[in-house]
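Counting along the sequence shown from 1, when you hit position 245 you're at 245 in this note's numbering, and nothing is skipped either side.
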Amino acid sequence: PYPPGPKPLPVIGNVFDMPRSKSSLTFTKWRSLYGPLTWVVTSGRPFLIINDYEMVKELFEKRGSIYINRPRHIMAGELIGKSGTPLTQYGPVWRQHRRFLNRVLLASVVKRDYGPMMARKTIAFLKTLLDRPDDFLLENRRLLGEIITDIAYGAHKDDEDGGHDYIQMQVDMGIITFKTVQGYWVEFFPWMKHIPAWFPFAQWKRDALRWNKEYNQTRDYLFESVKKKFVSGNKFCAVLTHENLANDEQVIKHAGFSFYRGKPSSPCYSMNYFLLAMTLFPEAQARAHAEVVAFIGQDRFPSVEDRCADKMPYLEATILESLRWNPPAGSGVPHLPVVDDFFQGHFIPKGTTVLQNAWQIGRDTRYYANPTSFQPERFLKPDEKQSRLIFNPDVLNPWDWAFGFGRRICPGRDLAMQSAWLSAVLVLWAFEI
1 PYPPGPKPLP VIGNVFDMPR SKSSLTFTKW RSLYGPLTWV VTSGRPFLII
51 NDYEMVKELF EKRGSIYINR PRHIMAGELI GKSGTPLTQY GPVWRQHRRF
101 LNRVLLASVV KRDYGPMMAR KTIAFLKTLL DRPDDFLLEN RRLLGEIITD
151 IAYGAHKDDE DGGHDYIQMQ VDMGIITFKT VQGYWVEFFP WMKHIPAWFP
201 FAQWKRDALR WNKEYNQTRD YLFESVKKKF VSGNKFCAVL THENLANDEQ
251 VIKHAGFSFY RGKPSSPCYS MNYFLLAMTL FPEAQARAHA EVVAFIGQDR
301 FPSVEDRCAD KMPYLEATIL ESLRWNPPAG SGVPHLPVVD DFFQGHFIPK
351 GTTVLQNAWQ IGRDTRYYAN PTSFQPERFL KPDEKQSRLI FNPDVLNPWD
401 WAFGFGRRIC PGRDLAMQSA WLSAVLVLWA FEI
């Protein structure tokens, strides 16, 4: 039998039950009605929603070779950008993309090669906040755009190349990517992709054609600019081009652009949620600020070399608590089994879209007491021998689930956390929020 779930309608199934926004809240409600596994079908397309950490870990990690594929994405994939790594079907191209991404986004590479650059850009971000505090959301997005653009193509904010703003181009691509993964009806009724753009009420198709053109033009322009400049160093496309790691230029082009155009989720949203938490919970802000100032002092800016959990444990715990309190990808990124599977007496057919509810995991009382409260100290415990705070290994670390699972785990998670840490420590050091 399939897992339990809401009763489907004839033919269309659970189309009207499946949320198009705030899906994490609906999935959490289903948990209370149907248990940790919920089964829904929309127009013949099956979905399995998992609201339990151990179950997600069992399927996506222990059975990772089965749940390694991605579902079909009509809007973001087939109509706009077919070769982005996050949406790529499992196979040789995905493995090649992934190998490239892992190479340039290793934790050691992030700290050594990108850390100083990220710190400089974040310090400049502080000045922007001081001058224009009301523009925080836009400037935070542009900060992420600057970092990603520098890593991917070696392009900088002050570069002049035919009047093109590399940073704004990245922001625009991120916005397009974000829009295309929203709940369009074409995802539930794939035949709709054949509707002509001139058809009434087909604004989504006209948007898709326009975004596809922008996608292709931006990707090709950026790659050609790298080839002309032949950027040296450990920039993403420069590494691939210099070392000739792939004979297929299209693979190099798509892998680099996949990283560049990624939706502004992890670092950007993490920082937004962190500052929201600091605003709502001033006691936590004051304690984190005092710890930062006590360790750093007021005569210099914090740097990546200052990141040491032993020296600023409450700051690290505050960032983790923010990640638990509002994970950047609440309903996670979908997985797809490549073969039929059985789990806890339930049949999961090949091709089922499987979603993990990260938002619910962060509020599971089995792992987090008083989950609706913002309590960074939940991750800490006293070290009686040295009279200091250390991390509590008995509390589930959000790092273990907030960035995905298994072979499809986010390859940029180290970059996301380094960026979030730099933004948090510098903002707390400089401002009272």
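Glycine included, every Cβ here is placed at the ideal spot set by N, Cα and C.
Item to complete: Please classify residue 39: does DSSP put it in a helix, a strand, or coil?
Response: strand
Discussion item. Using 8 angstroms as the threshold, is the C-beta distance between residue 398 and residue 327 below it?
Written reply: yes
Discussion item. I'd like the span of the alpha helix (DSSP H) that includes residue 127, first residue to last.
Written reply: 115–131
Worksheet item: What distance in whole Å lies between the Cβ atoms of residue 256 and residue 223, which are believed to be in contact at a cut-off of 8 angstroms?
Response: 7 angstroms
Worksheet item: Going by the beta-carbon positions, is the gap between residue 425 and residue 292 smaller than 8 angstroms?
Response: yes
Worksheet item: Near residue 380, which residues of its chain fall below 8 angstroms by C-beta distance, leaving aside the five closest residues on each side in sequence?
Response: Within the same chain, 313, 314, 317, 389, 390, 391, 392 come within 8 angstroms of residue 380 by CB-CB distance, once the 5 residues on both sides are set aside.
Item to complete: Go through the region 74–108 residue by residue and report every complete run of the alpha helix (DSSP H) that reaches 4 residues or more, in order.
Response: 92–104
Discussion item. By the three-class DSSP mapping on this structure, what secondary structure does residue 218 have?
Written reply: helix
Worksheet entry | Straight-line Cα distance separating residue 337 from residue 163 | In this predicted model, residue 163 has a pLDDT of only 47, less than 50, meaning its place in the structure is not dependable enough to derive any value.
Worksheet item: What number of angstroms, rounded off, separates the C-alpha of residue 80 from the C-alpha of residue 219?
Response: 12 angstroms
Fill in: Selected residue, minimal CA-CA separation from residue 274, among 369, 421, 44, 22
Nearest in C-alpha terms to residue 274, of all of 369, 421, 44, 22, is 421.
Fill in: the region 90–105 in contact with the region 367–382 per 3-pair CB rule at 8 angstroms
no
Worksheet entry | Whole-angstrom distance between residue 311 and residue 46, CA atom to CA atom | 48 angstroms
Worksheet item: Just checking my contact of residue 419 with residue 118 at CB under 8 angstroms: how many whole Å lie between their CB atoms?
Response: Going by Cβ atoms, the distance from residue 419 to residue 118 rounds to 6 angstroms, so yes, they are a contact pair.
Worksheet entry | Distance, residue 112 Cα to residue 205 Cα | 44 angstroms
Worksheet item: Alpha carbon to alpha carbon, what distance is there between residue 363 and residue 246?
Response: Legend: pLDDT at residue 246 = 47, less than 50; position of this residue unreliable, value from coordinates given subsequently. The straight-line gap from Cα to Cα measures roughly 44 angstroms.
Worksheet entry | Span separating the alpha-carbon of residue 145 from that of residue 294 | Computed Cα separation, rounded: 32 angstroms.
Worksheet entry | Environment of residue 308 [buried if 16+ CB atoms lie within 10 Å] | exposed
Discussion item. Can you look up residue 299 in the DSSP assignment and give me helix, strand or coil?
Written reply: Assigned with DSSP and collapsed to three states, residue 299 falls in coil, not helix or strand.
Item to complete: Given a cut-off of 8 angstroms, decide if residue 65 and residue 331 are closer than it, judged by their beta-carbon atoms.
Response: no
Worksheet entry | Backbone secondary structure at residue 201 - three-state DSSP | coil
Worksheet item: What span of residues does the beta strand (DSSP E) with residue 361 cover, start to end?
Response: Per DSSP, residue 361 belongs to no beta strand (DSSP E); it is in the alpha helix (DSSP H), 358–361.
Worksheet item: Closest by CA to residue 53, which one among 31, 384, 137?
Response: 31
Item to complete: Please state if the CB of residue 88 and the CB of residue 99 are separated by a distance shorter than 8 angstroms.
Response: no
Discussion item. Pop quiz: residue 8 and residue 38 are said to be a contact at Cβ under 8 angstroms. What is the actual Cβ separation, rounded to whole angstroms?
Written reply: So it is not a contact: roughly 12 angstroms between Cβ atoms.
Worksheet item: What number of angstroms, rounded off, separates the C-alpha of residue 423 from the C-alpha of residue 416?
Response: 11 angstroms
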